[in-house]
Each structure stands twice: as structure tokens, then as C-alpha cells.
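Right, one structure below, let's go through it.
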Amino acid sequence: MFLRDPIHSAAASDVSATPRGNLKWRFDTDLPLFSSPAVVDGRLYLGSGDNRVIALDANTGELIWEHEVLGPVDSSPAVAGESVFIGLRNGRVLSLNKDSGELQWDFQTGGIFATAPVVLEGIAYIGSGDGWLYTLDAQTGQVRWAYQTGGHIASDPAINDDIVAVQSQDSYLHIVDKHTGRKRLDYHTKFARGSPALSGDWVYTADQIGLVTAIDWHKREMPFEKKVRWLKTQLWAWGALRKLPPLKGLAWAAYVPGSLVASPIVTEDMLYVASSEGQVYALGRETGDTEWTFEADGFFLSPMTLVGEGLFIGDRFGTLYAVSAETGEELWRFETDAPIGSTPVAANGMLYFTSEDGSLYALE
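Numbering of the sequence shown is given in full-length UniProt numbering, commencing with residue 1 and proceeding in unit increments.
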């Protein structure tokens, strides 16, 4: 699924060999591609700009099936069991048979778009432009529960065994009980965009003013707690309190220069973020201290992925960069003919990514 798994690790750190950037095959379409593929059991599934959901042989790029839809598909698919799940621009969510591409069920949200689904334990989680987070039975498409935020949901939820974390354009990160759909905590992230990432006790966000934040998802908001904090903030502003009361759940926050574009990558020791200005930053996972910085020639549009010892990210000029996760040194680069707005995906010893030139690339 998008960003690899329900916690959005975006990492295949157990891969023995890091891809070297040699083109194995290329699949061409007629319109720009923004969707990131999902690769399962030797097949690759992708939403296409030319109004299709397609399945390809992941080793050769040969078309296996296609399912036509009413408009371009930007959302990335999720594969679970015998099904492929994908969101559309018109707010529909589709479940397709992964072997044939036949429609199994569809669900219409109230928004004008649906985000990439996250599927876990027979439940599909999806955000919509109507501001609702939906949980759907993966077999039937029936709603299990729904949670309303105060704005559009344009990013994908991150999920662990206990909670669902989702960003909304109401300027909050919403932490919701996975089993009941009830709010545990909402944390003010005014300038955040992209998806959160979960690791251990914390959920991580990166925002447009360069702030990386680690939030303790165990914390719960008590009744009237926001009003009490507001009063304490006023007292601090007038000098009656020495310290500004911290936001509930804050573990740490760190600042790096630049507008951060997407979800952080979190490993055992490190945290990696990228800025739209073309920088990649490696931070200490426990502190947020900057360990190294890499600077590209172009602007970044989408999240990174970690494969073996390399970080991979595409820029606005059509260059895919491979960067050492340990040192920040450039390993290699691969040129395409248009901006790269998708997240690279690692599987089968290869790296797959799409470009706005309408092509899907498979690199060894």
C-alpha cells in the first residue's frame, strides 16, 4: 500500500541489495502518472492518468488486466487478500478482484476525492474531501464507523494496533481510537501536510514551515482541557506564568530550513524528511538533532522511500535521486522526461516509480 504499510514506514530496510539505477523495463501511457504502484506476488497494481486501474507483470511490465473508470486516478492502491482497493477523484472507493480487475464493490464518499486506502485486519480506512474518515468492511464495503474532522482530508491515515492518526485541513492531527472511532486527541498542526508516520510510542509529522514533531499518541484529551490551556496561555502572555503551557502530547519538536513536503521516514535510530526546496535531512529519532543534509538540483514533490542503504526521491525536473541513508552522499541519479510526483516502491529486487511523462519505470 502507499508508503508500504499501515504505519507509513516507507522503508524496506531489510533488503540486501540497494538498486543501482539500471532500467529493466518501462510501461508507457498517454497521460501523466501521479499514483505510486503496489507490488504483491509478482504483480504490480497502479492507478493511471488515462482513466484506468491496471495490473502488470512486475518482472516484465506486460499488461495483465485493466479496469476503466470515469477519470484520471491519482490515488495509490492497496492490496490485501484477493482484492485491490483504490480511491478516485469523484470520491468513490473501489474494491477490484486482484486477478481479474472485476468490480467487487464500490462506496461513494461525500467528497470530491478519496485518499489512498490503508487496509488492516479486514478493514479499509480512507479519508475523503468531505472531511470524514471512513472505515469499511474490506469484504463488503459496509461502513464500520466514521469520524468527522473539521476540514478536507487530503492525506492518508496511519494505523497501528490501537489508533488511527490522520491529518485534516482543519489544521489538526486527529488521533482516533481504532476500535470505536472516538477521538483520543487532536493536536494542532497548522502548517502540516502529507501523511503522519507511526513508530513506537510516537506519531511523527512534518510541516510547511520546517517543523518536525513527535507526538505521544497514548495521551488523551480530558474534558475542558483546551479551555484551561487557553486561559493559562493568556496568563503567560500577560506575564503571570513563567512558562507557556505545552501542547498535550508533545514529545519533541525540531526545526529544519525549508517547506517539508510529505511524510517522514522513521527507522530504529533516524528520521528522514525532505523539503520542497530540494533538501533531504537526517534527524536523530529520539531528539530531532540534524545529522546530515543533502541538497538536490531540483524541487521535491513527493515522499521518499528507504530501500536497503539508499533513500530515493524524485524532483520537479524529472530526476530520481539515490542518496546514502548513512552519510547523505549521492549514490546515483536517473533522468526522466517530466516531473516525478510519485513515491518510489521497492519489491522483487527492483525500484518502481512513475513520472508525469506518463511512464512507469522499473529499475534494478
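Yeah, the Cβ is synthetic: ideal placement off N, Cα and C, and Gly gets one too.
To which residues does DSSP link residue 55 through a beta bridge? 45, 65
Those residues which DSSP pairs with residue 188 across a bridge: 172
Kindly indicate which three-state DSSP category residue 241 falls into: helix, strand or coil? coil
Within its chain, find whatever has a CB closer than 8 Å to the CB of residue 315; leave out the 5 residues flanking it on each side and keep chain order. 278, 296, 297, 298, 299, 300, 301, 321, 339, 340
Residues in its own chain within less than 7 Å of residue 134 by CB, not counting five upstream and five downstream? 109, 126, 128, 143, 146
Which same chain residues end up closer than 8 Å to residue 165 when comparing Cβ atoms and leaving out the 5 residues on each side of it in sequence? 157, 158, 159, 173, 174, 175, 176, 196, 198, 203, 217
Three-state secondary structure assigned by DSSP to residue 236: If DSSP states are grouped into helix, strand and coil, residue 236 belongs with the helices.
Helix, strand or coil for residue 229, going by three-state DSSP, please let me know. helix
Cβ-based burial, residue 361 [other Cβ within 10 Å; buried from 16]: Flag for residue 361 reads buried.
Element boundaries [beta strand (DSSP E), containing residue 118]: 118 to 120
Can you check whether the CB of residue 79 is closer than 7 Å to the CB of residue 40? yes
N-terminal and C-terminal residue of the beta strand (DSSP E) that residue 317 is part of: First-last for residue 317: undefined, no H or E at that position.
Indicate the three-state DSSP secondary structure (helix, strand or coil) for residue 87 in the structure shown. If DSSP states are grouped into helix, strand and coil, residue 87 belongs with the strands.
Can you give me the C-alpha to C-alpha distance between residue 354 and residue 50, rounded to a whole angstrom? 13 Å
Flag this pair as touching only if the region 249 to 268 and the region 204 to 214 have three or more C-beta atom pairs under 8 Å; answer yes or no. yes
Which same chain residues end up closer than 6 Å to residue 291 when comparing Cβ atoms and leaving out the 5 residues on each side of it in sequence? The answer, listed in chain order, is 282.
Would a check of beta-carbon distances place residue 173 closer than 7 Å to chain B? Given the protein chain composition of this structure (a single chain), no chain B is represented.
Tell me, which residues are paired with residue 199 by DSSP? 202
Residue 346 bridges to which residues according to DSSP? 351
Can the beta-carbon of residue 323 be found less than 7 Å from the beta-carbon of residue 280? A contact, by the Cβ cut-off of 7 Å.
DSSP three-state label for residue 31, please. coil
Residue 101 and residue 67 look like a contact to me (Cβ under 8 Å); what is the Cβ gap, rounded to whole Å? Rounded, the Cβ-Cβ distance is 4 Å, consistent with contact.
Quick check on this structure: which residue in 94, 317, 200, 250 has the alpha carbon closest to the alpha carbon of residue 140? Nearest C-alpha to residue 140: 94.
Distance between beta carbons of residue 55 and residue 87, contact taken as under 8 Å: In fact, because the Cβ distance is near 17 Å, the residues do not count as touching under 8 Å.
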